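Worksheet: the structure to be examined is printed underneath.
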Amino acid sequence: MSRSHTGKLYDILLPSNYSGMEVSILRIRTRNLWMKGANFSFFDIPSRILPWPFSRRVDLVYQNLGNWSSLYYNVSNYTFVAPVIGLLAYNSSTSSPHYEQIELNLLGDNPIVVRFPNVSLSVGMKCVRFSTNGTVEFSNVTGMNSCMAHGHGHFSVVIPSLPSDKMKERVWKWWVIGFAGGIVGLILLLVFVIMSHKLIKGKIIKKMERQSERSEGLDTIWIGRSRMPSASGIRTQPELESAYVP
Numbered sequence: 004m005s006r007s008h009t010g011k012l013y014d015i016l017l018p019s020n021y022s023g024m025e026v027s028i029l030r031i032r033t034r035n036l037w038m039k040g041a042n043f044s045f046f047d048i049p050s051r052i053l054p055w056p057f058s059r060r061v062d063l064v065y066q067n068l069g070n071w072s073s074l075y076y077n078v079s080n081y082t083f084v085a086p087v088i089g090l091l092a093y094n095s096s097t098s099s100p101h102y103e104q105i106e107l108n109l110l111g112d113n114p115i116v117v118r119f120p121n122v123s124l125s126v127g128m129k130c131v132r133f134s135t136n137g138t139v140e141f142s143n144v145t146g147m148n149s150c151m152a153h154g155h156g157h158f159s160v161v162i163p164s165l166p167s168d169k170m171k172e173r174v175w176k177w178w179v180i181g182f183a184g185g186i187v188g189l190i191l192l193l194v195f196v197i198m199s200h201k202l203i204k205g206k207i208i209k210k211m212e213r214q215s216e217r218s219e220g221l222d223t224i225w226i227g228r229s230r231m232p233s234a235s236g237i238r239t240q241p242e243l244e245s246a247y248v249p
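Count along the sequence shown starting at 1, add 3, and that's the number in the numbering used here.
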């Protein structure tokens, strides 16, 4: 890019082992970026933007990872519905000894617009931004399938992932185990209640028997399988009044 012209978009030829990936570069003067912004590929960059650290010229690098997206980036519990595209800024001033990445400071009210024209609206669809410092940010998809950003980085659109077949099978197994465990627990509870009832009833009967033994002695007889108290047949013999002798 040492002899490239400012304001012109260049496509970068990649090795064949990166088939499906696209890279383009736009060199722009900082003055023009501040006054007019830039529009290229799927990015609309507003005016009133300055590079940090400051440089006279900026190289804006556009990346489309295509089918390599999920290899470089991953969002837990979400699925990409669009390729990951990137916007990065580099210092292209000849006075700089190194070709270094820089930041873009948005000093105006308008954000960077990232467009995904080939995406159909879906429930739960979210914009995701992978910033240059490694953080992941989510935001809502706006009209015309666009995302708003206040800095450069890599962008895509995601939806919540559906449970896999293995996950469904695992959930089903846990439901079966839980149901069987509940049945076994209920049976054990019923057995415990019955045994407790019999134990308490037996203690009450023994207590009544001990109390009866401490009172007047009574004979016992068996009626069926139950032992019942029985009084003896001895009673005071009656006396006739005529037998009285004064």
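Glycine included, every Cβ here is placed at the ideal spot set by N, Cα and C. Remember, predicted model here, so these are calculated numbers, not experimental data.
For residue i, the first and last residue of its enclosing alpha helix (DSSP H)
i	result
Tyr75	72-75
Cut-off 7 Å between Cβ atoms - residues of its own chain near residue i, not counting five sequence neighbours on either side
i	result
Lys11	none
Leu17	Met24, Val26
Delimiting residues of the beta strand (DSSP E) encompassing residue i
i	result
Met38	Met38 -> not in any beta strand (DSSP E); alpha helix (DSSP H) instead, spanning 33-39.
Ala85	Ala85 -> no beta strand (DSSP E), and no H or E assigned at all.
Phe287	Any answer about residue 287 is impossible in this case: the structure gives the chain only from 4 up to 249.
Leu107	104-109
Val160	156-163
Tyr13	12-14
DSSP bridge partner residues for residue i (one or two, in chain order)
i	result
Tyr65	Ser27, Leu90
Met151	Val116
Asn143	Lys129
Asn121	BP columns for Asn121 are empty, so no partner.
Phe43	Phe46
Spatial neighbours of residue i in its chain, beta-carbon cut-off 8 Å, leaving aside the 5 residues before and after
i	result
Trp86	According to the sequence provided, residue 86 is Pro. The question's Trp does not apply to it. If we look at Pro86 and ignore the five residues flanking it on each side, its Cβ neighbours are Asn67, Leu68, Gly69, Asn70, Ser72, Ser159.
Asn20	none
Gly105	The question names Gly, but residue 105 in the sequence shown is Ile. Closer than 8 Å at Cβ, skipping near neighbours: Pro54, Trp55, Pro56, Ser58, Val61, Ala92, Tyr93, Asn94.
Sequence-distant residues of its chain with Cβ nearer than 6 Å to residue i (five each side left out)
i	result
Met147	none
Tyr247	Bear in mind that a pLDDT of 49 at Tyr247, under 50, signals an unreliable position, so the number given afterwards is only what the model happens to contain. There are no such residues.
- Message: Would you call the stretch 71-89 in contact with the stretch 28-43, where contact means no fewer than 3 C-beta pairs closer than 8 Å?
- Response: no
- Any 3 or more C-beta pairs closer than 8 Å across the stretch 21-31 and the stretch 54-74: yes
- Query: Do the stretch 152-166 and the stretch 111-129 make contact, defined as three or more Cβ pairs closer than 8 Å?
  - Reply: yes
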